[in-house]
Structures are given as C-alpha cells and as structure tokens.
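*Asks:*
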Amino acid sequence: MKAIGLVELPNCTDAIQALDVMLKTADVQFLTWEKKLGGRLVTLIVQGNVAAVTEAVEAAKHRAVGRVVASTVIANPHEETWKLIEVSRRKYPYLLDLEKTSV
C-alpha cells in the first residue's frame, strides 16, 4: 500500500538535512516540497510503502538537527490528495526531470 509522509521544518537547511536522513534511512522517494513564509516553513513530501514512509518520518523527527514543526504519514491517500501533491510538483519541474535521469 502506498503512503505519503510529510515533515515540516522551520528552514530550508534543516529541511535538506531531514530529507537526506529520510532518503538514507528508508526506501522512500522524494516527491516535492512546499516553502511558506519566505522559506521559514518548509514541508517535505515523500512516498513509499507505509512501513518505509513511517520509518523515514520517524528518523527525520529523531535525527534532524532542526526542530520538526509537524509531521504525518498518510496511508493510501485519496485521489484528491494525490492531485494536490501533483500541483505542488508542477511548481518544481526540475524534480520531474530528476526522475528521468535517476538510476
């Protein structure tokens, strides 16, 4: 079953470090990120199976240097939820290009 994980952090540097932890900890794929308040809140979104996403989100919460503002895991997201994520992904077309070039 697919799941998405969201982790919100107070700045871009902490978000990048948390993303690195998540990707190294579990078999998850980075989908997109959202920056709000001039980059003072950054939400990372990853996907994978429920166990992997849960492991990745927990790792980010415990090992990220910055304070995690909020986090959640959504198992079997609704179709409308996927549409919202796709809107976010379209804001960052280079992420879509990365998928084509990744091994």
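Residue numbers (our numbering): 2 to 104. All C-beta atoms in this analysis are idealised placements derived from N, C-alpha and C, irrespective of residue type, glycine included. In this text the structure is predicted, and so the values were computed from the model without any measurement.
For A19 and E81, I'd like the C-alpha separation in whole angstroms.
*Replies:* Distance between the alpha carbons of A19 and E81 is about 26 Å.
*Asks:* So which of N50, A16, Q48, E35 has the shortest CA-CA distance to V88?
*Replies:* The shortest C-alpha separation from V88 is found at E35.
*Asks:* State yes or no: is the C-beta of Q30 nearer than 6 Å to some heavy atom of the ligand HEM?
*Replies:* This structure does not include the ligand HEM; it has no bound ligands of any sort.
*Asks:* Since I86 and L32 are thought to touch, with beta carbons under 8 Å apart, how far apart are those beta carbons, to the nearest angstrom?
*Replies:* The pair is a contact, with the Cβ atoms about 6 Å apart (cut-off 8 Å).
*Asks:* How would you call D28, buried or exposed, if buried means at least 16 neighbouring beta carbons within 10 angstroms?
*Replies:* When all chains shown are included, D28 counts as exposed.
*Asks:* Using a Cβ-Cβ distance under 7 Å, would S89 count as near chain C?
*Replies:* As a matter of chain content, chain C is missing from the structure shown, which is built from one protein chain.
*Asks:* Express the C-alpha separation of I5 and A60 in angstroms, rounding to a whole number.
*Replies:* Roughly 15 Å separates the two Cα atoms.
*Asks:* Which of helix, strand or coil does DSSP assign to I5?
*Replies:* Looking at I5 - three-state DSSP - the assignment turns out to be strand.
*Asks:* Between P11 and the rest of its own chain, which residues show a CB-CB distance below 7 Å, the 5 nearest in sequence each way excluded?
*Replies:* Once the five neighbours on either side are set aside, the close Cβ partners of P11 are R41, L42, G67, R68, V70.
*Asks:* How many whole angstroms separate the CB atoms of A52 and M23, which I take to be in contact at a CB cut-off of 8 Å?
*Replies:* Contact doesn't hold; Cβ gap of about 13 Å is too wide.
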